[in-house]
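Number of protein chains: 2
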Amino acid sequence: MIRVLIAEDQAMVRGALASLLGLEDDIEVVAEVGRGDLVVEAARTARATVALLDIEMPGLDGIAAAARLASELPEVRSLILTTFGRPGFLRRAIESGARGFLLKDAPAEQLADAIREVDAGQRVIDPALAAAAIAEGDSPLTEREHDVLVAAALHATAAEIAAHVHLSEGTVRNYLSGAIRKLGARNRAEALRIAAEKGWL
Amino acid sequence: MIRVLIAEDQAMVRGALASLLGLEDDIEVVAEVGRGDLVVEAARTARATVALLDIEMPGLDGIAAAARLASELPEVRSLILTTFGRPGFLRRAIESGARGFLLKDAPAEQLADAIREVDAGQRVIDPALAAAAIAEGDSPLTEREHDVLVAAALHATAAEIAAHVHLSEGTVRNYLSGAIRKLGARNRAEALRIAAEKGWL
DNA sequence: GCGAGGAGATGACGATTGTCATGCCCGATC
DNA sequence: GATCGGGCATGACAATCGTCATCTCCTCGC
């Protein structure tokens, strides 16, 4: 019997996935959580063997949850199930120790098979997405450029960004300028769109 | 027997919802589509009585699909099932003839009951969301301000926006200025965030 | 010790943006 | 037909933004 934990913040989808897996006679859903920071605890007490993790979750995102599982409960295999096929997400997920990466666009029948393969120790990755991730390459952004860009997504003006990342306003503009150039954008709003699309935020 | 059509673009979620509804013995899933523009056709041939519609779909969004159903197949009751509790979405959904509005955050057990109520001719609306929609009021934006804001979300510079909506660059800035003031924002990026949050785009 | 190089800051610049006053055109209303 | 208001445009202005050259620290490697 494969003991599965489901981590997904939308209760309706969580319940629906559980019902989908309930149809399989070699799979048992032993835990359901709606927040990323409850994953490790629930996986331990329910003795899960596979963790099905959404990325967008409150508390802790699915990639970070996979990293914690890998370090604290390495016998639990993580399978990321997410909406967005951002190459950067796939890369970070694999680096975090996830064993599989599945899109919610994939047909429902594929889920149980993917769980079985991950449970058997194999890796499950959408081939097209893997190719895209390799072609995409890594983020060209410096760590500071990345931080400033993230702050720019939350705060409107350069002065606010500067206050939030503890830099001077001019330096913020310098980093933003670098990010804009590297991303081929024409202003910070476009740079944010591009970075978000590629999963580099 | 309640004959349900499921319209949801993410195949995995669509299949999971179908499996969830399959557990109910008075509900039958008679059609599944992944695009909004296939809803009316599928509902007609499958003789559905309730349409479960996601909002974010390619081809035609769920709200527009509900409007088409209401005019072409008025005997089919629409139930919107969506991720975002944006008050503007609820308002537009109801105006489009939808009979229910459910969030994916709601517990899975609620789905079958909501479908039964909608099928029986009742309305199903999350009370908290309804209150928020009433408190929120309607969008304060002019039709032109709305158009320009939408164009601003796609095109980066004022000149590009102007070309896209067939206005002069100065006029575009005037409308953006009005939208920024009405939304309490401090620049166009913040105005876009606020409008998107409230479902006014 | 010393040079290289990265992080951060500064100041200047031109371009873009946000704001405002003003004017024109046109359909609606009285 | 006069008036009003909305849609659209223009021009001017200050503030902000994007870019660049330059400077100071600090750290690392030799």
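Here the protein sequences line up with chains V and R, keeping their order. Take the first sequence: its position 193, counting from 1, is numbered 1310 in my numbering, and each next residue is one higher. Take the second sequence: its position 160, counting from 1, is numbered 1277 in my numbering, and each next residue is one higher. The beta-carbon is built from N, C-alpha and C at its ideal position, and this holds for glycine as well. Here the structure is a predicted model, which is why all the values come from computation and not from measurement.
Query	Result
How big is the Cα-Cα spacing for V/Leu-1284 and R/Ala-1165?	59 Å
I believe V/Glu-1145 touches V/Arg-1161 by the beta-carbon criterion, under 8 Å. Please report the beta-carbon distance rounded to the nearest angstrom.	Contact flag wrong, Cβ pair sits at about 17 Å.
Kindly indicate if chain R contains any beta-carbon less than 8 Å away from that of V/Leu-1155.	no
Could you tell me whether any Cβ in chain V is nearer than 8 Å to the Cβ of R/Pro-1224?	yes
Check whether the Cβ of V/Ile-1307 lies closer than 8 Å to any Cβ atom in chain R.	The identity of residue 1307 of chain V in the sequence shown is Glu, whereas the question assumes Ile. At least one chain R Cβ lies under 8 Å of V/Glu-1307.
Going by beta carbon distance, what residues of the same chain come within less than 6 Å of R/Ala-1215, once the five residues before and after it are set aside?	Ala-1183, Ser-1195 and Ile-1197
Can you pull the chain V residues whose beta carbon is under 7 Å from the beta carbon of R/Arg-1303, in chain order?	Ala-1273 and Thr-1274
Is any beta-carbon of chain V found at less than 8 Å from that of R/Gln-1239?	no
Please report the residue range of the beta strand (DSSP E) in which V/Gly-1217 lies.	1217 to 1220
Can you give me the Cβ contacts of R/Gly-1139 inside the same chain, cut-off strictly under 8 Å, excluding the 5 residues immediately before and after it?	Val-1146
Would you say V/Glu-1286 and V/Ala-1275 are within 8 Å of each other, going by their C-beta atoms?	yes
Please state whether DSSP places R/Ser-1136 in a helix, a strand or coil.	helix
Check for me: the alpha helix (DSSP H) holding R/Leu-1300 runs from which residue to which?	1286 to 1300
My guess is that V/Asp-1243 and V/Phe-1206 are in contact by the Cβ rule of under 8 Å, so how many angstroms apart are they, rounded?	Not really, about 12 Å apart at Cβ, beyond 8 Å.
Between the region 1185 to 1196 of chain V and chain R, which residues of the former have a C-beta closer than 9 Å to a C-beta of the latter?	none
By a C-beta neighbour count over all protein chains shown, 10 Å radius and 16 as the cutoff for buried, is V/Ala-1245 buried or exposed?	exposed
Report the rounded CA-to-CA distance for V/Glu-1226 versus R/Val-1150, giving the unit in angstroms.	16 Å
Mind checking whether R/Ser-1213 and R/Ile-1180 have CB atoms under 8 Å apart?	yes
Pull up the CB-CB distance for R/Val-1130 and V/Ala-1133, whole angstroms please, since I reckon it's below 8 Å.	7 Å
Just grab the DSSP bridge partners of V/Thr-1199 for me.	V/Leu-1220
So the beta strand (DSSP E) R/Glu-1173 belongs to, where does it begin and stop?	Run containing R/Glu-1173: none; DSSP gives neither H nor E here.
Using CA atoms only, rank isn't needed, just tell me which of V/Ala-1248, V/Glu-1192, V/Pro-1204 and V/Ile-1123 is closest to V/Glu-1314.	V/Pro-1204
Could you give the distance in angstroms between the alpha-carbon of V/Gly-1238 and the alpha-carbon of V/Ala-1231?	11 Å
Cβ of R/Thr-1199 less than 8 Å from any chain V Cβ?	no
Give the interface partners of R/Lys-1221 over in chain V, defined as CB-CB distance under 8 Å, in chain order.	Gln-1127, Ala-1128, Met-1129 and Val-1130
Just to confirm, are V/Gly-1153 and V/Met-1174 a CB contact at a threshold of 8 Å?	yes
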